[in-house]
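Each residue of the sequence shown is one higher than the last, beginning at 4 in my numbering. Notes to accompany the following structure.
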Amino acid sequence: LVPRPNKVMVITLKWIYKVKLDELGGILKNKARLVACGYRQEEGIDFEESFALVARLEAIRIFLAYAAQKNMVVYQMDVETTFLNGNLREEVYVSQPDGFVDSDNPNHVYKLKKALYGLKQAPREWYDMLSAFLLSQDFSKGLVDPTLFIRRNGNGLLLVQIYVDDIIFAASTLEL
């Protein structure tokens, strides 16, 4: 919580509520998510780049066909709270959310360190963070498809394909 800076746009926050239902229509759980109203952000002023690389459907088909042809083990995972993992490069300030206003400092704002859902740059920050991690783990980025990461270990091969918050893994052996 910091004093509101001058000449900086403060992004408002909004609570999004969702009721998760089971297969019979009964209430499974209530979910609440705090999102930034990022539609007010302007490229070049509030952020530099929002583009995030996403695998094309054709690339995923080729990935799966190759894995099947090589008899590889394939796993898929959905990353929970994906965009909350990216570190922000720009300074982003958000208002205090409704119901959580500090009574001692009602005019203060939050300076974000991590991305929030709704920020224009959140997908890019997530991709950059995941890409940097994979490269640090001895993966190489595909020359034609930058959403494909490859790691060779002797005769073993581990492939990773990124599609927003979904990741597909293919391994030549279970040990990889």
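Beta carbons are placed, not taken as given, at the ideal position from N, Cα and C, and that holds for glycine.
Nearest to residue i by CA position, among the options, is which residue?
i, options, result
"Asn9", "Leu27, Val57, Val95", "Val95"
"Lys17", "Val5, Lys23, Ala68, Gly41", "Gly41"
"Thr15", "Ile165, Ser139, Lys114", "Lys114"
"Tyr1", "Ala35, Leu160, Thr85, Val147", "Outside the shown range of the chain, which is 4 to 179, sits residue 1, and nothing can be said about it."
"Asp148", "Val57, Ala174, Ala68", "Val57"
"Glu128", "Gly159, Arg92, Leu160, Leu137", "Arg92"
"Leu60", "Gln164, Ser175, Asp141, Val5", "Gln164"
"Gly121", "Phe172, Leu4, Leu87, Ala173", "Leu87"
"Val13", "Arg64, Lys32, Pro100", "Pro100"
"Leu4", "Gly157, Phe103, Arg64", "Phe103"
"Gly157", "Ala135, Ser175, Gly28", "Ser175"
"Phe33", "Val22, Phe142, Lys116", "This sequence places Asn at residue 33; Phe is not what is there. Cα-wise, what sits closest to Asn33 is Val22."
What distance in whole Å lies between the Cβ atoms of residue j and residue i, which are believed to be in contact at a cut-off of 8 Å?
i, j, result
"Gly89", "Ala62", "About 22 Å separates the two Cβ atoms, so there is no contact after all."
"Ile30", "Leu24", "6 Å"
"Leu179", "Gly159", "5 Å"
"Ala173", "Ala68", "With 8 Å as the limit, Ala173 and Ala68 do not qualify as a contact, their Cβ atoms being about 11 Å apart."
Under the rule that 16 or more other beta-carbon atoms within 10 Å means buried, what is residue i, buried or exposed?
i, result
"Gln72", "exposed"
"Thr150", "buried"
"Lys123", "buried"
"Phe66", "buried"
"Arg155", "exposed"
"Ser106", "exposed"
"Tyr130", "buried"
"Pro6", "exposed"
"Pro126", "buried"
"Ser139", "exposed"
Is the beta carbon of residue i sitting closer than 9 Å to the one on residue j?
i, j, result
"Val82", "Ile153", "no"
"Met75", "Leu162", "yes"
"Ser98", "Val77", "no"
"Tyr20", "Ala35", "yes"
"Lys144", "Leu137", "yes"
Open item on the list: Just to confirm the assignment: which complete alpha helix (DSSP H) runs, minimum length 4, are found wholly within the segment 94-164?
Closed with: Within the segment 94-164, the complete alpha helix (DSSP H) runs of at least 4 residues are 125-139.
Task: Whole beta strand (DSSP E) elements within the segment 10-95, 3-residue minimum - done: 16-24, 30-39, 76-81
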